[in-house]
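Here is the structure we will look at.
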Amino acid sequence: MATRLFHLSDPHFGVENEAALASFAQAVADEAPDAIICSGDLTQRATHAQFDAAAEWFARFDCPVVLCAGNHDMPYYNLWERFTTPYKRFQSLYAEVGSGFESDDVVLVPLVTTVRAQPRFPWSDGFVRKRPLAGTVRQLRGMIADTRLKLVFCHHPLLAHDDAASNPTIGGDEAFAEIAASGADAVISGHVHIPFDQKRERGGHTMRMIGTGTLSTRLRGSPPCYHVLTCSRDEGIGVERRELDPE
Ligand SMILES: [Fe+2]
């Protein structure tokens, strides 16, 4: 038996794609995955109303729902709150509908790639700070003898998905190399609204980098989509991409 994870990202409640979300929810009801994972940008502008809409939508599922915050999930209009308690709204949603997940086949390990501010624009791009990376690496190294698959999940791709010369994620190259060296099988992410599945290399270590698209109306040249990840110790990670009607 394998573990099946439904991976969606960037639903951006506020500008969500209702038909795409309905199709995803129907597939969950029909196929009963072991868990759902959403790699951030749950909301468009991190308003209380948008978090409430996201919480209401995620609350319908019976299986574990694993979540991380995206750059859109920190207060946008309230700068005081953005700087003092950037994850408060996300954390209350997590307390309501979020959970961790592991099975006989796979362990999910979080990595934070969002920051409240950074010394460049846009602030929306990824930034891997030393402390969160150290926590992720510690967790991976603690499981080095564990033969299950290890999936690191974060909001921003650690490397440019299109292999551009410059990496929009600050610290992404080093993070990729360190995570790969610590036994992760893949890092899964969202943010760019374009799906991909690549084997990449940094610092002599190779690892899968798998990003899914968006279930919002903010399309960037790819239709809305989500991934079904089939994880088994013998077969590795299978990726089924499900593209939905943009309308
Ligand atoms: Fe994002």
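Position one of the sequence shown corresponds to residue 0 (numbering that gives the first Met the number 0), numbered consecutively onward. By construction, the Cβ of each residue, glycine as well, lies at the ideal position given by its N, Cα and C atoms.
List the whole-angstrom C-beta distance separating residue i from residue j, where the pair is believed to meet the contact cut-off of C-beta under 8 Å.
i: Ser102; j: Asp33; result: 6 Å
i: Asp184; j: Ile236; result: 6 Å
i: Asp29; j: Arg232; result: At roughly 26 Å, the Cβ-Cβ gap does not stay under 8 Å, so Asp29 and Arg232 are not in contact.
i: Gly270; j: Ser8; result: The structure shown has nothing for residue 270, since the chain only spans 0 to 246.
i: Tyr225; j: Thr211; result: 6 Å
i: Pro222; j: Val191; result: With 8 Å as the limit, Pro222 and Val191 do not qualify as a contact, their Cβ atoms being about 14 Å apart.
i: Ala45; j: Met0; result: In fact, because the Cβ distance is near 39 Å, the residues do not count as touching under 8 Å.
i: Ala179; j: His204; result: 4 Å
i: Phe152; j: Ile36; result: 6 Å
i: Asp40; j: Gly69; result: 3 Å
i: Gln43; j: His11; result: 5 Å
i: Leu107; j: Leu150; result: 5 Å
i: Leu4; j: Leu228; result: 4 Å
i: Phe82; j: Arg115; result: 6 Å
i: Thr146; j: Pro109; result: The Cβ separation is near 21 Å, so there is no contact.
What did DSSP end up calling residue i once you bin it into helix, strand or coil?
i: Gln138; result: helix
i: Val14; result: coil
i: Ile209; result: strand
i: Gly235; result: strand
i: Pro118; result: coil
i: Leu157; result: coil
i: Ser188; result: strand
i: Pro74; result: coil
i: Pro131; result: helix
i: Leu110; result: coil
i: Asp61; result: coil
i: Phe100; result: coil
i: Asp9; result: coil
i: Ser22; result: helix
i: Glu246; result: coil
i: Ala174; result: helix
i: Ala164; result: coil
Pull up the DSSP beta-bridge partners for residue i, would you.
i: Gln90; result: In the DSSP output, where bridge partners are listed per residue, Gln90 has none listed.
i: Ala34; result: Leu4
i: Arg263; result: Because the chain is modelled from 0 through 246, residue 263 falls outside the range shown and cannot be assessed.
i: His204; result: Arg201
i: Leu148; result: Val105
i: Phe126; result: Ile169
i: Ser215; result: Glu15
Comparing the CB of residue i with every heavy atom of ligand 2, is any distance shorter than 6 Å?
i: Asp40; result: Ligands in the displayed structure: ligand 1; ligand 2 is not one of them.
Tell me the residue span of the beta strand (DSSP E) that contains residue i.
i: Leu228; result: Cys224 to Ser231
i: Leu41; result: Careful: Leu41 lies outside any beta strand (DSSP E) and carries neither H nor E.
i: Gly182; result: Premise fails: Gly182 is in no beta strand (DSSP E) and is neither H nor E.
i: Gln197; result: Phe195 to Arg201
i: Val65; result: Val64 to Leu66
Can you name the start and end residues of the alpha helix (DSSP H) that residue i belongs to?
i: Phe82; result: Leu78 to Thr83
i: Phe57; result: His47 to Phe57
Counting beta carbon pairs with one atom in the segment 193-204 and one in the segment 19-28, are three or more of them shorter than 8 Å? Inter-segment contact for the segment 19-28 and the segment 193-204 is absent: fewer than three beta-carbon pairs are separated by less than 8 Å.
On the three-pair Cβ rule with 8 Å, is the segment 52-65 touching the segment 82-89? Touching, no.
So does the segment 118-126 actually touch the segment 91-100, counting three or more Cβ pairs closer than 8 Å? Result no; under three Cβ-Cβ pairs closer than 8 Å.
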